[in-house]
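Trainee:
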């Protein structure tokens with residue numbers, strides 16, 4: 001398959017105005033941190049420093065939680081659902097109006113291709129705010145009893161792979177339910193969260209309803225362990241999720257944890273192969289594989305293994321790795337030097353353990369953090385690359401003979417976030433889906449999201465659901 005030559009099609013950075021430094025967003029305004037410490041946010045595609053970001057200490061977190069408590073008690077909880085919904089609708093419309101600005105900033109700060117931030121992330125962000133705006137005056141019909149109540153102050157910690165989308169998943173249902181929020185974005189991708197703070201100001205959201213504190217792990221820990229926080233929501237690694245579960249145990253805090261995954265993408269011999277190959281590529285190479293529900297384990301029925309692998313390699317040969325702001329780019333930059341080191345380490349372990357490594361020919365930029373799309377064959381379930389979450393553009397390929405073997409191999413993981421099934425038979429889809437211990441099972445597609453559909457996992461992939469009516473229930477006290 002020939003890779004077409006495309007002229008560069010860069011998206012202009014002119015629409016984005018990045019300040020040289022950012023404070024914390026507390027009680028409706030940007031303030032300096034009490035201890036004054038700062039850290040740098042870096043463009044992973046070029047390694048240029050984008051801005052100096054404030055690191056919130058324990059006192060700063062306390063200020064933000066107190067601001068949220070005052071806003072909750074004096075303002076937000078006293079508004080009718082209809083009036084809260086108006087604010088959410090207003091935020092959703094402003095996100096749509098500033099969509100291009102948000103998409104460019106997301107790609108600069110995160111490293112993901114502009115095509116993904118423009119066509120997937122930002123439209124879904126607006127859709128989540130529109131969806132939960134509609135729920136704000138209908139909470140009695142959410143399934144939490146006739147008179148559901150908000151928890152109060154929600155402490156939310158989000159990851160770097162979908163910075164603004166994870167913010168929407170957390171903030172939209174929390175506000176619709178009547179809670180006030182203190183949110184900590186990831187230290188490597190704080191810029192769109194800080195731009196969202198400006199959107200809250202633009203929407204005239206009452207001060208203190210949304211507070212954004214930037215920082216690293218210590219900031220997140222201070223937020224999660226703060227006695228003034230009633231509800232904790234976290235998306236990130238299983239290791240940190242376990243620490244959070246231990247910290248909230250024995251308290252009155254409620255928690256929602258959306259953690260790691262090692263999803264199986266199962267291709268049966270009657271699957272539409274070309275369609276399945278597109279789903280495989282989307283499942284693991286979308287967002288450079290920085291996806292908790294990525295289809296990082298490909299299970300192929302033996303009779304079609306050679307055909308699937310041949311077509312997959314040809315398709316990977318057409319992928320473009322490079323400038324995230326180029327509209328032709330398929331795979332952007334790895335988010336950070338630390339994550340790149342992790343991907344490299346596990347890839348080297350895969351080779352050392354005997355798996356066969358393959359990548360298409362592709363020229364990687366000299367500056368920035370880059371890793372080529374990589375496929376491992378000859379993988380067994382004992383290999384670390386088949387058991388551990390790599391969180392990068394690395395696919396492990398295994399085979400199976402019978403449906404029972406496919407289910408057994410798919411479930412042979414400590415995780416249980418997602419899975420995919422590719423087959424021409426509807427009855428097989430339903431049968432296999434019922435047996436897979438995964439929170440989300442996609443049939444003849446992968447990585448398809450919608451604000452009306454709940455998302456979450458089993459086992460070490462966490463507990464609780466985000467999205468849909470179920471995501472709203474996570475922020476309501478009632479009879480559910």
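In the UniProt record's numbering, the protein residues as written are 1 to 480. Here a beta-carbon is modelled for each residue, glycine too, at the ideal position from N, C-alpha and C.
Could you have a look at residue 146 and say whether DSSP puts it in helix, strand or coil?
Mentor: As a working mapping, residue 146 is identified with position 146 in the chain shown. In this structure, residue 146 counts as coil in the three-state DSSP scheme.
Trainee: Using only alpha-carbon positions, find the residue among 146, 207, 196 that is nearest to residue 67.
Mentor: Within the chain shown, residue 67 is the residue found at index 67, counting from 1. The residue among 146, 207, 196 with its C-alpha nearest the C-alpha of residue 67 is 207.
Trainee: Grab the span of the beta strand (DSSP E) containing residue 52 for me, first residue to last.
Mentor: As a working mapping, residue 52 is identified with position 52 in the chain shown. From DSSP, the beta strand (DSSP E) with residue 52 extends over 49-54.
Trainee: So is residue 161 buried or exposed if we call it buried at 16+ other beta carbons inside 10 Å?
Mentor: For the purposes of this step, residue 161 is taken as residue 161 along the chain shown, with counting starting at 1. Buried: at least 16 other Cβ atoms inside 10 Å.
Trainee: Within the same chain, show all residues whose beta-carbon is closer than 6 Å to that of residue 293, passing over the 5 residues directly before and after it, in chain order.
Mentor: The residue you call residue 293 lines up with position 293 of the chain shown. Excluding positions up to five away in sequence, the list reads 261, 263, 417, 418.
Trainee: With residue 296 and residue 390 assumed to form a contact (beta carbons below 8 Å), what rounded beta-carbon distance in angstroms separates them?
Mentor: Here residue 296 corresponds to residue number 296 of the chain shown, with the count starting at 1. Here residue 390 corresponds to residue number 390 of the chain shown, with the count starting at 1. Contact flag correct, Cβ pair sits at about 6 Å.
Trainee: Assuming residue 212 and residue 25 form a contact by the criterion Cβ under 8 Å, report the distance between their Cβ atoms to the nearest whole angstrom.
Mentor: On the chain shown, residue 212 is found 212 positions in, with the first residue counted as 1. On the chain shown, residue 25 is found 25 positions in, with the first residue counted as 1. That belief holds up - the Cβ atoms of residue 212 and residue 25 are roughly 4 Å apart, short of 8 Å.
Trainee: Would you kindly work out how many angstroms separate the C-alpha atoms of residue 154 and residue 456, rounded to a whole number?
Mentor: Here residue 154 is taken as the residue at index 154 of the chain shown, counted from 1. Here residue 456 is taken as the residue at index 456 of the chain shown, counted from 1. Those two C-alpha atoms are separated by around 19 Å.
Trainee: Short check: CB of residue 224 to CB of residue 181, under 8 Å?
Mentor: Within the chain shown, the letter at position 224 stands for residue 224. Within the chain shown, the letter at position 181 stands for residue 181. No.
Trainee: Measure the C-alpha to C-alpha separation of residue 271 and residue 236 and round it to an integer number of angstroms.
Mentor: Sequence index remark: in the chain shown, residue 271 carries index 271 (1-based). Sequence index remark: in the chain shown, residue 236 carries index 236 (1-based). Distance between the alpha carbons of residue 271 and residue 236 is about 33 Å.
Trainee: Give the straight-line distance between the Cα atoms of residue 58 and residue 9, rounded to the nearest whole angstrom.
Mentor: Here residue 58 refers to the residue found at position 58 of the chain shown. Here residue 9 refers to the residue found at position 9 of the chain shown. Straight-line Cα distance between these residues: approximately 45 Å.
Trainee: Does the beta-carbon of residue 303 have 16 or more other beta-carbons within 10 angstroms, so that it is buried, or is it exposed?
Mentor: As a first step, residue 303 is located in the chain shown; it is residue number 303 there, counting from the start. With fewer than 16 other Cβ atoms from the protein chains shown falling within 10 Å of its own Cβ, residue 303 counts as exposed.
Trainee: Are there three or more Cβ pairs, one per stretch, closer than 8 Å when the region 137-152 is compared with the region 93-104?
Mentor: no
Trainee: Please state the DSSP three-state secondary structure of residue 422.
Mentor: Here residue 422 corresponds to residue number 422 of the chain shown, with the count starting at 1. Looking at residue 422 - three-state DSSP - the assignment turns out to be strand.
Trainee: Would residue 47 be called buried (16 or more neighbouring beta carbons within 10 Å of its own) or exposed?
Mentor: Sequence index remark: in the chain shown, residue 47 carries index 47 (1-based). The residue in question, residue 47, is exposed, as its Cβ has fewer than 16 Cβ neighbours within 10 Å.
Trainee: Between which residues of its own chain and residue 398 is the CB-CB distance below 8 Å, once the five residues before and five after are set aside?
Mentor: Start at 1 with the first residue of the chain shown, and residue 398 comes out as number 398. 297, 298, 299, 300, 379, 380, 381, 386, 409, listed in sequence order.
Trainee: Report yes or no: do the region 244-260 and the region 89-99 share at least 3 C-beta pairs separated by less than 8 Å?
Mentor: no
Trainee: Check whether the region 72-79 and the region 360-368 touch, using three or more Cβ-Cβ pairs below 8 Å as the test.
Mentor: no
Trainee: Taking residue 283 and residue 420 to be in contact with their CB atoms under 8 Å, please state how far apart those CB atoms are, rounded to whole angstroms.
Mentor: For the purposes of this step, residue 283 is taken as the residue at position 283 of the chain shown. For the purposes of this step, residue 420 is taken as the residue at position 420 of the chain shown. In this structure residue 283 is in contact with residue 420, their Cβ atoms being roughly 6 Å apart against a cut-off of 8 Å.
Trainee: Are the CB atoms of residue 460 and residue 414 nearer to each other than 8 Å?
Mentor: The residue given as residue 460 occupies position 460 in the chain shown. The residue given as residue 414 occupies position 414 in the chain shown. Cβ distance < 8 Å, so residue 460 and residue 414 count as in contact.
Trainee: Would you decide whether residue 109 is buried or exposed? Buried here means 16 or more other CB atoms lie within 10 Å of its CB.
Mentor: For this step, residue 109 is matched to residue 109 along the chain shown. Buried.
Trainee: Cβ of residue 355 within 8 Å of Cβ of residue 329?
Mentor: Start at 1 with the first residue of the chain shown, and residue 355 comes out as number 355. Start at 1 with the first residue of the chain shown, and residue 329 comes out as number 329. No, the pair does not count as a contact, with Cβ atoms beyond the cut-off.
Trainee: Any chance the region 16-34 sits against the region 348-362, with 3 or more Cβ pairs inside 8 Å?
Mentor: No, because fewer than three Cβ pairs between the region 16-34 and the region 348-362 fall closer than 8 Å, the two stretches do not touch.
Trainee: Using only the alpha-carbon positions, how far apart do residue 65 and residue 147 sit?
Mentor: Numbered from 1 along the chain shown, position 65 holds the residue referred to as residue 65. Numbered from 1 along the chain shown, position 147 holds the residue referred to as residue 147. Cα-Cα distance, rounded: 26 Å.
Trainee: Per the DSSP calculation, residue 10 is bridged to which residue(s)?
Mentor: Start at 1 with the first residue of the chain shown, and residue 10 comes out as number 10. Bridge partners of residue 10: 326.
Trainee: Is residue 308 near residue 277, with beta carbons less than 8 Å apart?
Mentor: By 1-based counting over the chain shown, the position of residue 308 is 308. By 1-based counting over the chain shown, the position of residue 277 is 277. Yes.
Trainee: Measure the C-alpha to C-alpha separation of residue 439 and residue 470 and round it to an integer number of angstroms.
Mentor: Counting from 1 along the chain shown, the entry for residue 439 is found at position 439. Counting from 1 along the chain shown, the entry for residue 470 is found at position 470. Their Cα atoms are separated by approximately 13 Å.
Trainee: Going by DSSP, what residues sit across from residue 297 in a beta bridge?
Mentor: Taking the first residue of the chain shown as 1, we reach residue 297 at position 297. By DSSP's assignment, residue 297 forms a beta bridge with 264, 396.
Trainee: May I ask which residues mark the beginning and end of the alpha helix (DSSP H) holding residue 155?
Mentor: The residue given as residue 155 occupies position 155 in the chain shown. It is not in any alpha helix (DSSP H) - residue 155 instead sits in the beta strand (DSSP E) that spans 153-157.
Trainee: Could you check if residue 371 is buried or exposed, using at least 16 other CB atoms within 10 Å of its CB as the buried criterion?
Mentor: In the chain shown, the residue the question calls residue 371 occupies position 371. Classification of residue 371: buried, given that the 10 Å Cβ count is 16 or more.
Trainee: Return the CA-CA distance between residue 116 and residue 287, expressed in angstroms with no decimal places.
Mentor: Locating residue 116 in the chain shown gives position 116, counting from the first residue. Locating residue 287 in the chain shown gives position 287, counting from the first residue. When rounded, the distance between both Cα atoms is 7 Å.
Trainee: Quick check on the DSSP output: what are the complete alpha helix (DSSP H) runs of length 4 or more inside the region 214-299, in order along the chain?
Mentor: 217-224, 238-248, 273-285
Trainee: Below 8 Å on the Cβ atoms is my contact criterion, and I expect residue 164 with residue 88 to pass it. Report the Cβ-Cβ distance as a whole number of Å.
Mentor: To locate residue 164, count along the chain shown from 1; it is residue 164. To locate residue 88, count along the chain shown from 1; it is residue 88. With a Cβ gap of about 15 Å, residue 164 and residue 88 do not count as contacting.
Trainee: On the premise that residue 151 lies in contact with residue 425, defined as a C-beta separation below 8 Å, what is that separation, rounded to the nearest angstrom?
Mentor: The residue given as residue 425 occupies position 425 in the chain shown. The residue given as residue 151 occupies position 151 in the chain shown. Not confirmed; about 44 Å, so no contact.
Trainee: Might you give, ordered along the chain, the residues of its own chain that have their beta carbon closer than 6 Å to the beta carbon of residue 230, omitting 5 neighbours on each side?
Mentor: Translated into the one-based positions of the chain shown, residue 230 becomes position 230. Same-chain partners within the cutoff: 151, 152, 153.
Trainee: Could you name each continuous beta strand (DSSP E) segment of 3 residues or more that falls completely within the region 337-396, going from the start of the chain to the end?
Mentor: With a minimum length of 3 residues, the continuous beta strand (DSSP E) runs that stay inside the region 337-396 are 356-358, 374-377.
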